[in-house]
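Working notes, structure below.
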Amino acid sequence: MYRLNDKPKSYLFVLILGLAAGLLTVLLDFFPCKNIWTFSSFSGSLGFWAFTTSVIVYLSDKMKTAGFNTFIYLCSMSIAFYVFKGIVSYYSGYTDFVRDYTDLAVMWIIISFVCGFLGLLVWYAKKDGWFSSFIFALPISVMLTEGIELLMKQVIAKHRYLFQTIFNFVFSFILFWCFSNKQKKKQAIIFIIPLTIVFCLALFFIW
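Counted from 1, the sequence shown has number 16 at position 17 by numbering that gives the first Met the number 0; the numbering is strictly sequential.
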């Protein structure tokens, strides 16, 4: 399995991934959101970012590498997203995109920096123990919560975003499988806490 290590070549690869993700989410926004299988609005999907960043952390060979990779990926994604968004806005006749998108880009770069520290914690999910089990469940909880919200608010109520809903559920199980293989003696009871949080959050967002 390919591993992301503490070398410039590896960091460059993550940088390219982030730029590609930013471009991809901009292009997906061009899809109409009037049908149930629409691909639009992926840029606003917490599940998508939780899954992709968790995979990057999973592939990182060291804790320090995981933190740097998380920051590089999200930061490059944010820059690419708003640069391409600005180009599209310019040719669409929107003149205030520099001011609006610059503020948003700076905000997301700061968030990317914070997420870099969170990547250090998520890296521990590959280890065995109670703390790592709890950390391991957090990104999965985010994806399941958003999946439930999309199912109730969008798929059932408005007949759209079914693809994003399926993405959240399917890839949360893939993430569970990846990290659970790293933990030989998983404490099953620890999942009662995050799963309870999942349904409480889901109920809060839905109602």
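In this text, a Cβ means the ideal position worked out from N, Cα and C, and glycines have one as well.
- F162 is the residue among C177, I196, T195, F162 whose C-alpha sits nearest the C-alpha of F47.
- Bounds of the alpha helix (DSSP H) holding C74 are 62-91.
- Assignment of S44 by DSSP, reduced to helix, strand and coil, places it in the coil class.
- Taking 8 Å as the cut-off, the beta carbon of F80 is found closer than this to the beta carbon of G21.
- Taking each of K125, I15, Y160 in turn and checking the Cα distance to W176, the smallest one comes out for K125.
- Here S59 is bridged, per DSSP, to L3.
- With a cutoff of 8 Å on beta-carbon distance, D5 and K61 are scored as near each other.
- The three-state reading of DSSP puts C177 in helix, counting H, G and I together.
- Distance check between A49 and each of I35, V87, L11, I139 places I139 closest, using alpha-carbon atoms only.
- With respect to the 8 Å criterion, R98 and L58 are not classified as neighbours on the basis of their beta carbons.
- When the beta-carbon positions are compared, W122 and V56 come within less than 8 Å of each other.
- Residue state for P138 is assigned as helix, using DSSP reduced to three classes.
- Burial check for T195: the Cβ neighbour count within 10 Å stays below 16, so the residue is exposed.
- Taken through DSSP and simplified to helix, strand or coil, R159 comes out as coil.
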